[in-house]
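Residue numbers (our numbering): 48 to 140.
Encoded structure:
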């Protein structure tokens with residue numbers, strides 16, 4: 048029966064072998080991907096999903112304004128401290 052130290056040595060050796068095989072297979076996989084990309088004319092931008100007509104997100108207009116500080120709030124998310132406990136309609140823009 049093998050000792051604990053012998054088994055640990057075998058584990059380390061097998062892990063090293065597995066890493067070497069993984070690196071070899073990785074190089075092969077990368078070569079295959081590059082060949083397919085060249086064959087079909089695929090670019091990195093195609094893979095990332097970048098589109099030429101991407102819709103830009105416009106900022107939301109503020110709906111409420113604090114008359115004292117001039118701070119504005121869109122009405123989205125958590126209400127600001129200056130509006131807590133007060134009627135929102137009083138601060139509508």
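Glycine is no exception: its CB is placed at the ideal position from the N, C-alpha and C atoms.
Being a predicted model, the structure only gives us computed values, none of them experimental.
Does DSSP put residue i in a helix, a strand or coil?
i           : result
residue 139 : strand
residue 131 : coil
residue 112 : strand
Taking only the alpha-carbon atoms, compute the straight-line gap between residue i and residue j and give it to the nearest angstrom.
i           : j           : result
residue 102 : residue 94  : 18 Å
residue 55  : residue 74  : 29 Å
residue 135 : residue 107 : 17 Å
residue 62  : residue 49  : 18 Å
residue 133 : residue 109 : 17 Å
residue 139 : residue 125 : 16 Å
Buried or exposed: where does residue i fall if 16 or more other Cβ atoms within 10 Å of its Cβ makes it buried?
i           : result
residue 111 : buried
With a CB to CB cut of under 8 Å and the five nearest residues on each side skipped, what residues in its chain are close to residue i?
i           : result
residue 116 : 129
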